[in-house]
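Structure first, then comments.
2 protein chains.
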Amino acid sequence: MLRQLENRFSINVAGLKRSVIRELLKLTQKPEIISFAGGLPSPETFPVEEVAEIAHEVVLQDGAWSLQYGPTEGDPRLKEEIIRWMARDGIHVTADNILITTASQQGLDIVGRVFINRHNPVMTARPSYVGAISAFRSYMARFVGIDLDDEGIRVDLVRDKLAEMRLAAELPRFIYVVPDFQNPAGVTMSLERRKALLALAREYQVLIVEDTPYRSLRYTGKTLPSLYEMDQGEGYVISLRTFSKILFPGLRLGYIMAKTEFIDKFVIAKQGMDLCTPPFTQAIAYEYLHRDLLEDHIKSNIAIYAKKREIMMQALEDTMPKHPDLCWTRPEGGLFLWLKMPEKVDTEIMFKEAVEENVAYVVGTGFYPDGGGKHAMRLNFSYPSESDIVEGVKRLARVIERNLGR
Amino acid sequence: MLRQLENRFSINVAGLKRSVIRELLKLTQKPEIISFAGGLPSPETFPVEEVAEIAHEVVLQDGAWSLQYGPTEGDPRLKEEIIRWMARDGIHVTADNILITTASQQGLDIVGRVFINRHNPVMTARPSYVGAISAFRSYMARFVGIDLDDEGIRVDLVRDKLAEMRLAAELPRFIYVVPDFQNPAGVTMSLERRKALLALAREYQVLIVEDTPYRSLRYTGKTLPSLYEMDQGEGYVISLRTFSKILFPGLRLGYIMAKTEFIDKFVIAKQGMDLCTPPFTQAIAYEYLHRDLLEDHIKSNIAIYAKKREIMMQALEDTMPKHPDLCWTRPEGGLFLWLKMPEKVDTEIMFKEAVEENVAYVVGTGFYPDGGGKHAMRLNFSYPSESDIVEGVKRLARVIERNLGR
């Protein structure tokens, strides 16, 4: 018999655990649970009829292309549409600045492979997107966590840390940020912070990886320029985008924008990963963009999500116990908010109780690359129905109330 | 300005070059070229009408599933169909033995990540599939190449090498083989060799990674049991399969079969790579299999490819100059054959001449992980039309004749 299974695994994965979020999600499959865990878009937003028709058409009319292998760089027609789409976001790029990816999780994996050597430092916010943490961890990154507040990552702390790291002659390979409606915290980086972060990137010659999947989903406030736009092609910023949250996730389609020299290396890395993103799904996205359907679709998404966000904000206001150390963020967009409890409450322990009460959230610890987050949770408002949001928050308030009283 | 671009890349990619094959393919885009390079299935085999109809249906009737995120492990319905399909190949597995991948290139990447530490030895045939080489190279594998002949990898040499490596206390992390109609050589591993290789795996406690994308495409001779079947669940064999060559590549759909303990780690690795394979493409494959369309479709593929193979064999016989050191393999299936020239001929230098003569092939060097292959080339017979095969071989014969005479 095959022996010594454990010794067979590489150090890349020896320390990797299944994503806490995805594993907890499994616990919350029973139908009576109202789940604020997960980060799923609402199926009611999916443009089912248009996509059904487009899928039919791109196979029937262009099967020799859409069912075949495609270029690693991505479908050139889709790139043209992305260039047109990005121009509306103030970004002017050429096809050589774009690599189509199998959604932005692959973008994170590519960035990890291309920039991270074992034990290299990578700077991220605390908390940070769990999928980025797991992608970078699989390249054995050493995480340098920087706290964030309501205006995003604390750039003053970034400055101090960079100065310290330069003295130690080991600057981070890059700074990873989710500037718009951050996952998990729901906060948006202010314009001043964006400027300051970019100034630091220039001063210290450090790259910024901007991950902005929810950027188009703004419900209140004014859109701020992306870091990629502000960089003006100097090359400090690598920007990850995706169609998962604005069109639908089942395509698994995203793209990386960066300086051409970086894209060249990304293409090589991607060749070894999956040769190419499915031409079939790219053809569908191309056609959807080409027909100018995306803007109206996003508007209808925003209408749905803005209302859900409003309902959740109101429900929290109405039902949560009053306690000086119980607070939550007020996201201007995206899918998530972040709820902080008094430090004595451990949301991982409380989770079992919540599931018994038929409500679920994501415990905060998974979002902290270097420890912490025990007294926080992420709540999603895009997936549950409006009535479930109200009922779910009531259930959660009961669980929290009991825990505050202990 | 951003400085020191070269210093920014990780050692993972510093040594990686763009795939020779994919780059050469770009040179051969002009329409007058007859290309035996590339490994594309023929678009005439694509089941366009069925897929158009199925794609329409899986979106319209099941959009909330097929357009949403899915489980990392894969669509459970597709797994059930794979289990049913594999039973016809003599393989009996459960859903826990299967991970759906974004085609088998991702399977190779996963295997690399999960098993290879920097500088670990990996044993492969010489020549070997270039995509496997580049996937394993990105984990900084050290390649231990073993020659192959008409019966596949030389297991006698594998035995000697394993004995030598055991003395040095460093056995390979796994032995990578393409037992059926190998890419690039077109040869099939004999039953005796399969038995002997598996016996060595048991004796030395070494894993075998079996990559068998063309297995169902046999045109002559008798099907041999796969290594995965012969292993009978002992766990020595990890098998990579794909729908790319038997259905169509544009789905980018494959699967890994392995011992459950391995699948568990593969799932964790895949979470960081792309979260999940598109549920949309999985739903299409599920429906296609569920309607029992695949078997007849493969039969029609075989009819097309068997004829093309026959035509190429005959054309080579009829047109190639006679020379004791000019020879080629006679594949019983798959998409490729391997042509060897006298050692004085460098197929990389000859390539330019071939392109001038409007014919293309893949130079052998890309398939040798540790040097060699300069006097060999891979020829594909699945993609060009029947008449192009005849004409292309004539052109190639002219180029070769000139080079032999020098």
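Residue numbers (our numbering), protein chains in the order written: chain U, 1 to 406; chain Z, 1001 to 1406.
Ideal Cβ placement from N, Cα and C applies to all residues, glycine included.
The model shown is predicted, which means the values in this text are computed figures rather than measured ones.
Query, Result
"State buried or exposed for Z:S1387, treating a residue as buried only when at least 16 other CB atoms are found within 10 Å of its CB.", "exposed"
"Please tell me whether U:P278 and Z:T1281 are closer than 8 Å, where the distance is taken between their beta carbons.", "yes"
"Using a C-beta to C-beta distance shorter than 7 Å, which residues of chain U count as neighbours of Z:T1102?", "T102, D274"
"Bridge partners of Z:E1210, per DSSP?", "Z:V1177, Z:S1239"
"Under the DSSP definition of a beta bridge, which residues are partnered with Z:R1126?", "Z:D1147"
"If you measure between the beta carbons of U:S244 and U:P213, is that distance less than 8 Å?", "yes"
"Below 7 Å between beta carbons is the criterion; list the residues of the region 107-126 of chain U that meet it against any residue of chain Z, in chain order.", "D109, R113, V114, F115, I116, N117"
"What is the DSSP secondary structure of U:P121, reduced to helix, strand or coil?", "strand"
"I believe U:I146 touches U:M123 by the beta-carbon criterion, under 8 Å. Please report the beta-carbon distance rounded to the nearest angstrom.", "6 Å"
"In the DSSP assignment, find the alpha helix (DSSP H) that holds U:L162 and state where it starts and stops.", "155-167"
"Quick check on this structure: which residue in Z:W1328, Z:K1308, Z:P1331 has the alpha carbon closest to the alpha carbon of Z:P1041?", "Z:K1308"
"Could you spell out where the beta strand (DSSP E) holding Z:T1101 opens and where it closes?", "1098-1101"
"Alpha carbon to alpha carbon, what distance is there between U:K270 and Z:T1260?", "27 Å"
"Considering just the uninterrupted stretch of the alpha helix (DSSP H) at U:A37, what are its terminal residues?", "It is not in any alpha helix (DSSP H) - U:A37 carries neither H nor E in the DSSP assignment."
"Determine, using beta-carbon pairs with one atom in the region 138-145 of chain U and one in the region 1137-1151 of chain Z, whether at least three such pairs fall under 8 Å.", "no"
"Would U:V155 and U:A125 be called neighbours here (beta carbons separated by less than 8 Å)?", "no"
"Tell me whether the beta-carbon of Z:Y1361 lies closer than 8 Å to the beta-carbon of Z:L1379.", "yes"
"Ordered along the chain, which non-local residues of its own chain (more than five positions away) have a Cβ less than 6 Å from that of Z:G1070?", "C1276, P1279"
"Does the CB of U:G63 have a neighbour CB from chain Z at under 8 Å?", "yes"
"Please determine, among Z:R1137, Z:R1398, Z:I1054, Z:S1382, the residue with the shortest C-alpha to C-alpha distance to Z:E1356.", "Z:R1398"
"Quick one: does Z:E1073 have its CB under 8 Å from some CB of chain U?", "no"
"Could you pull out every residue in the same chain whose Cβ sits closer than 6 Å to the Cβ of U:R118, ignoring the five residues on either side in sequence?", "M140"
"U:M377 bridges to which residues according to DSSP?", "U:L339, U:V363"
"For the putative contact between U:G250 and Z:Q1068, defined by C-beta atoms under 8 Å, what is the C-beta separation to the nearest angstrom?", "6 Å"
"Look at the alpha carbon of U:S216 and the alpha carbon of U:E80, and state the distance between them as a whole number of angstroms.", "19 Å"
"Counting contacts by CB-CB distance shorter than 8 Å, is Z:I1011 in contact with chain U?", "yes"
"Is there at least one Cβ from chain U nearer than 8 Å to Z:P1324's Cβ?", "no"
"Taking only the alpha-carbon atoms, compute the straight-line gap between U:G74 and Z:D1292 and give it to the nearest angstrom.", "32 Å"
"For Z:D1109, I'd like the list of residues in its chain whose CB is within less than 6 Å of its CB, leaving aside the five on either flank, ordered along the chain.", "A1135"
"Going by beta carbon distance, what residues of the same chain come within less than 7 Å of U:V93, once the five residues before and after it are set aside?", "I83, M86, M257"
"In three-state DSSP terms, what is U:Y255?", "strand"
"Is it true that the CB of U:T329 sits closer than 8 Å to the CB of U:D211?", "no"
"For Z:G1039, which of Z:I1389, Z:F1381, Z:R1406 has the nearest alpha-carbon?", "Z:F1381"
"Alpha helix (DSSP H) containing Z:R1084: first to last residue?", "1076-1087"
"In chain order, what residues of the region 1210-1222 of chain Z put their CB closer than 7 Å to some CB of chain U?", "none"
"Tell me whether the beta-carbon of Z:Y1236 lies closer than 8 Å to the beta-carbon of Z:I1208.", "yes"
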